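Visitor: One structure, pasted below without further comment.
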Amino acid sequence: MPAETVVTRFPPSPTGYLHIGGARTALFNWLYARQKRGRFVLRIEDTDVRRSTEEATRAILESMEWLGLDWDEGPFFQSRRYDIYKSFIKRLLDTGAAYHCHCSQEVLDRKREENRSLGLKPKYDGTCRDLGLGPAPGSVVRLKSPSTGRTTFQDAVKGLISVDNSELDDLVLRRSDQSPTYHLAVVVDDITLGVNTVIRGDDHVNNTPRQILIYQALGEPLPKYAHVPMILGPDRTRLSKRHGATSVLAYRDMGYLPQALLNALARLGWSYGDQEKFTKDELIEKFSLESVGRAAGVFNTEKLLDLNAWYIRESDSRELAGLLAPFLEELGLNNLDPDRVTRAVDTMKPRSRTLREMAEGASFYFQDTLSYEEKGDRKFLRQNVLEHMEALRNRLSGCNDFSEKGLEGLFSNYLEETGIKLGKIAQPLRVALTGKTASPGLFEVMVVLGKADVVRRIDAAIQHIRAKEDEQAR
RNA sequence: GGUCCCAUCGUCUAGCGGUCUAGGAUAUCGGCCUCUCACGCCGAAGACACGGGUUCGAGUCCCGUUGGGACUACCA
Numbered sequence: 254m255p256a257e258t259v260v261t262r263f264p265p266s267p268t269g270y271l272h273i274g275g276a277r278t279a280l281f282n283w284l285y286a287r288q289k290r291g292r293f294v295l296r297i298e299d300t301d302v303r304r305s306t307e308e309a310t311r312a313i314l315e316s317m318e319w320l321g322l323d324w325d326e327g328p329f330f331q332s333r334r335y336d337i338y339k340s341f342i343k344r345l346l347d348t349g350a351a352y353h354c355h356c357s358q359e360v361l362d363r364k365r366e367e368n369r370s371l372g373l374k375p376k377y378d379g380t381c382r383d384l385g386l387g388p389a390p391g392s393v394v395r396l397k398s399p400s401t402g403r404t405t406f407q408d409a410v411k412g413l414i415s416v417d418n419s420e421l422d423d424l425v426l427r428r429s430d431q432s433p434t435y436h437l438a439v440v441v442d443d444i445t446l447g448v449n450t451v452i453r454g455d456d457h458v459n460n461t462p463r464q465i466l467i468y469q470a471l472g473e474p475l476p477k478y479a480h481v482p483m484i485l486g487p488d489r490t491r492l493s494k495r496h497g498a499t500s501v502l503a504y505r506d507m508g509y510l511p512q513a514l515l516n517a518l519a520r521l522g523w524s525y526g527d528q529e530k531f532t533k534d535e536l537i538e539k540f541s542l543e544s545v546g547r548a549a550g551v552f553n554t555e556k557l558l559d560l561n562a563w564y565i566r567e568s569d570s571r572e573l574a575g576l577l578a579p580f581l582e583e584l585g586l587n588n589l590d591p592d593r594v595t596r597a598v599d600t601m602k603p604r605s606r607t608l609r610e611m612a613e614g615a616s617f618y619f620q621d622t623l624s625y626e627e628k629g630d631r632k633f634l635r636q637n638v639l640e641h642m643e644a645l646r647n648r649l650s651g652c653n654d655f656s657e658k659g660l661e662g663l664f665s666n667y668l669e670e671t672g673i674k675l676g677k678i679a680q681p682l683r684v685a686l687t688g689k690t691a692s693p694g695l696f697e698v699m700v701v702l703g704k705a706d707v708v709r710r711i712d713a714a715i716q717h718i719r720a721k722e723d724e725q726a727r
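See the structure below:
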């Protein structure tokens with residue numbers, strides 16, 4: 254007997270950018286659907302017209318695409334599905350599972366405050382519940398929920414969860430402006446879109462019994478629930494903007510690779526033995542709701558940084574060169590020879606944790622005139638290396654094997670003849686060629702730069718040293 | 001306040017009653033490699049929140065305490 258096709262969903266509300274936490278629940282839903290050869294649907298929950306923006310919707314879609322989380326259906330917009338909600342509300346009204354409530358918001362607010370100050374539950378008191386009222390201007394529709402018994406469900410990550418129905422009040426299904434509330438819209442959408450697996454943040458566990466009540470009032474089968482723990486900031490409170498960058502796009506712009514972010518997000522709250530690194534296909538193969546942890550976790554950039562460095566090292570240099578272009582442009586470096594960028598990337602791979610770091614570290618390759626790092630200039634570009642600089646400059650300009658091997662040979666000959674150590678001239682040359690005291694290996698750098706550039710840069714350094722000398726002489 | 005959820009190194013986590021003198025990763029520190037910085041390799045330090053049970057035996061099961069988080073809207 255073929256099992257039912259798994260249908261998962263990701264329902265962001267377009268009131269802000271896609272953040273790390275949302276991306277992770279999207280990832281889990283996507284992984285589960287892909288693994289079960291099911292479908293993944295994207296739904297935009299924009300019933301809160303005031304706070305929803307098109308810009309946020311675009312940013313969310315862009316984030317999903319960047320992460321490579323492709324959806325099979327949608328995006329559906331709740332704002333365009335009001336007719337559907339309307340018919341379901343009517344259905345509930347017709348069967349007596351819902352009723353019209355005329356209580357004004359002011360009265361409700363006041364009662365809630367009273368109860369709270371008395372230490373009682375601030376829930377709706379059911380004034381209109383059995384009055385058999387009809388619709389009226391300003392009235393809402395409420396669910397007539399059971400006041401006795403318990404609502405219990407099996408959660409795939411948390412286990413059995415059970416709440417006394419007396420804790421739940423008659424929640425509003427339709428607002429006075431006729432729009433559906435979140436709870437109604439979610440349930441109706443999941444029913445009509447065929448969603449049978451709900452994976453979401455555990456800030457929704459308390460909402461689940463309320464939503465189950467709606468399913469029951471409608472006589473519809475319940476989906477499978479899996480509530481994954483929240484992501485916290487370093488201070489162990491819910492991750493938010495004040496913890497720094499939380500938007501997916503911000504990580505893209507800081508130079509992270511999507512695979513690194515995905516890997517980090519997957520490992521936050523989910524594990525597979527001692528394995529730390531996972532390709533997308535491995536994640537699809539190995540993911541399981543059962544091995545999602547129950548405890549909330551702190552989002553840690555250190556680990557992401559390390560993963561990103563690893564993915565950079567593992568990536569093809571040519572591809573990285575393409576991804577690096579916007580970061581080089583940010584530094585004012587345009588129209589670069591793609592071949593030279595690729596070779597530069599090759600030398601920068603083991604020493605870059607982000608694309609941004611890589612661009613900064615590689616920028617010297619593409620600058621016509623270098624500005625020397627202050628400390629390196631003072632310490633290494635000195636008169637006492639002039640002689641060696643000049644000698645090496647001449648040998649290099651006559652070199653006809655400008656490969657790493659050829660250069661190593663040229664240098665070892667020179668060192669042997671003069672009896673000096675490489676250490677004596679390496680740093681001065683490094684500063685001359687790169688402007689910095691830390692860089693890829695000297696010979697690698699020279700190969701990428703090419704003979705003409707190397708000679709030109711050494712000449713410039715020699716001139717620079719002479720100029721400093723003259724300055725001092727005066 | 002009430003309800004629900006959670007609790008292993010700084011952080012992410014392995015552990016599903018005996019194999020735990022608690023493993024991995026990251027961060028930190030030390031060493032090796034070395035033309036610098038990285039990478040890589042080797043090593044060090046670092047955790048079962050607390051208290052009761054259950055059991056021959058508990059990080060692992062139960063209860064309580066403490067601490068965290070979520071929800072408690074005509075927001076999602």
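Numbering (the working numbering), first residue to last: 254 to 727. For glycine and all other residues, C-beta sits at the position ideal for the given N, C-alpha and C. Keep in mind it's a predicted model, so treat the numbers as computed, not measured.
(1) Touching or not, the region 427–439 and the region 363–378, by the rule of three or more beta carbon pairs under 8 Å?
(2) Quick check: the Cα distance between residue 275 and residue 689, rounded to an integer number of angstroms?
(3) Let me check understanding here. Comparing Cα to Cα, which of 335, 300, 282, 309 lies closest to residue 323?
(4) Secondary structure at residue 232, three-state DSSP: helix, strand or coil?
(5) Spell out the partners DSSP gives residue 396 in its beta bridges.
(6) At 3 residues or longer, and completely inside the region 435–483: list those beta strand (DSSP E) runs for me, N to C.
(7) Tell me where the beta strand (DSSP E) around residue 559 begins and ends.
(8) Measuring straight from C-alpha to C-alpha, what distance separates residue 478 and residue 503?
(9) Give, in chain order, every unbroken run of the alpha helix (DSSP H) that is at least 4 residues long and sits entirely within the region 597–676.
(10) Assign residue 681 to one of three DSSP states: helix, strand, or coil.
(11) Given a cut-off of 8 Å, decide if residue 615 and residue 598 are closer than it, judged by their beta-carbon atoms.
(12) Pick out the complete beta strand (DSSP E) segments inside the region 332–393, 3 residues or longer, and give them in chain order.
(13) For the beta strand (DSSP E) containing residue 326, list its first residue and its last residue.
(14) Just to confirm, is the Cβ distance from residue 427 to residue 484 under 8 Å?
(15) Would you kindly work out how many angstroms separate the C-alpha atoms of residue 631 and residue 558, rounded to a whole number?
(16) Within 10 angstroms of the Cβ of residue 587, are there 16 or more other Cβ atoms? Answer buried if so, exposed if not.
(17) Alpha helix (DSSP H) containing residue 534: first to last residue?
(18) Between which residues of its own chain and residue 609 is the CB-CB distance below 7 Å, once the five residues before and five after are set aside?
(19) How far does the beta strand (DSSP E) with residue 408 in it reach, from first residue to last?
(20) Which residues mark the beginning and the end of the beta strand (DSSP E) in which residue 730 is found?
(21) Which one or two residues does DSSP pair with residue 433 in a beta bridge?
(22) Mapping the DSSP letters down to three states, classify residue 310 as helix, strand or coil.
(23) Tell me which same chain residues have a C-beta within less than 8 Å of the C-beta of residue 703, skipping the five on either side of it?
(24) How should residue 258 be labelled, buried or exposed, when 16 other C-beta atoms within 10 angstroms of its C-beta is the threshold for buried?
Guide: Straight from the coordinates:
(1) Cβ pair count under 8 Å is below three, so no.
(2) For this step, residue 275 is matched to residue 22 along the first sequence. For this step, residue 689 is matched to residue 436 along the first sequence. C-alpha of residue 275 to C-alpha of residue 689: approximately 41 Å in a straight line.
(3) Along the first sequence, read from residue 1 onward, the residue named residue 323 stands at position 70. Put simply, of 335, 300, 282, 309 the residue whose alpha carbon is nearest the alpha carbon of residue 323 is 282.
(4) Because residue 232 is not part of the residues shown, which for the chain are 254 to 727, the question remains open.
(5) On the first sequence, position 143 is the one that residue 396 refers to. Per DSSP, 351.
(6) 450–454, 477–481, all fully within the region 435–483.
(7) Reading the first sequence from its first residue, position 306 is the one you call residue 559. Where residue 559 is concerned, there is no enclosing beta strand (DSSP E), although the alpha helix (DSSP H) around it starts and stops at 554–567.
(8) Position 225 of the first sequence, counted from the start, is the residue given in the question as residue 478. Position 250 of the first sequence, counted from the start, is the residue given in the question as residue 503. Answer to the nearest angstrom: the Cα atoms are 31 Å apart.
(9) The region 597–676 contains these whole alpha helix (DSSP H) runs: 608–615, 627–633, 639–650, 657–671.
(10) For the purposes of this step, residue 681 is taken as the residue at position 428 of the first sequence. Helix at residue 681.
(11) The count along the first sequence starts at 1 and reaches residue 598 at position 345. The count along the first sequence starts at 1 and reaches residue 615 at position 362. Yes, Cβ-Cβ distance for residue 598 and residue 615 is below 8 Å.
(12) Along the length of the region 332–393, whole beta strand (DSSP E) runs at least 3 residues long occupy 351–354, reported in chain order.
(13) Residue 326 sits at position 73 when you count from the first residue of the first sequence. The continuous beta strand (DSSP E) containing residue 326 extends over residues 326–330.
(14) Position 174 of the first sequence, counted from the start, is the residue given in the question as residue 427. Position 231 of the first sequence, counted from the start, is the residue given in the question as residue 484. Taking a C-beta distance under 8 Å as the contact criterion, residue 427 and residue 484 do not qualify as a contact pair.
(15) Locating residue 631 in the first sequence gives position 378, counting from the first residue. Locating residue 558 in the first sequence gives position 305, counting from the first residue. Taking the straight line from one Cα to the other gives about 33 Å.
(16) On the first sequence, residue 587 is found 334 positions in, with the first residue counted as 1. Classified as exposed, residue 587 has fewer than 16 neighbouring CB atoms from the shown chains inside 10 Å of its CB.
(17) If you number the first sequence from 1, residue 534 lands on position 281. Start and end: 533–539.
(18) Position 356 of the first sequence, counted from the start, is the residue given in the question as residue 609. If the five residues before and after residue 609 are omitted, its C-beta is found closer than 7 Å to the C-beta atoms of 507, 508, 580, all from its own chain and listed in chain order.
(19) Taking the first residue of the first sequence as 1, we reach residue 408 at position 155. Judged by DSSP secondary structure, residue 408 falls within the beta strand (DSSP E) whose first and last residues are 403–408.
(20) The displayed coordinates of the chain run from 254 to 727. Any statement about residue 730 would go beyond what the structure contains.
(21) The sequence position of residue 433 within the first sequence is 180, counting from 1. For residue 433, which the question treats as bridged, DSSP gives the partners 427.
(22) One-based indexing of the first sequence puts residue 310 at position 57. Helix.
(23) On the first sequence, position 450 is the one that residue 703 refers to. Exclusion of the five residues before and after residue 703 leaves 655 as the residues of its chain whose Cβ lies within less than 8 Å of its Cβ.
(24) As a first step, residue 258 is located in the first sequence; it is residue number 5 there, counting from the start. Burial call: exposed.
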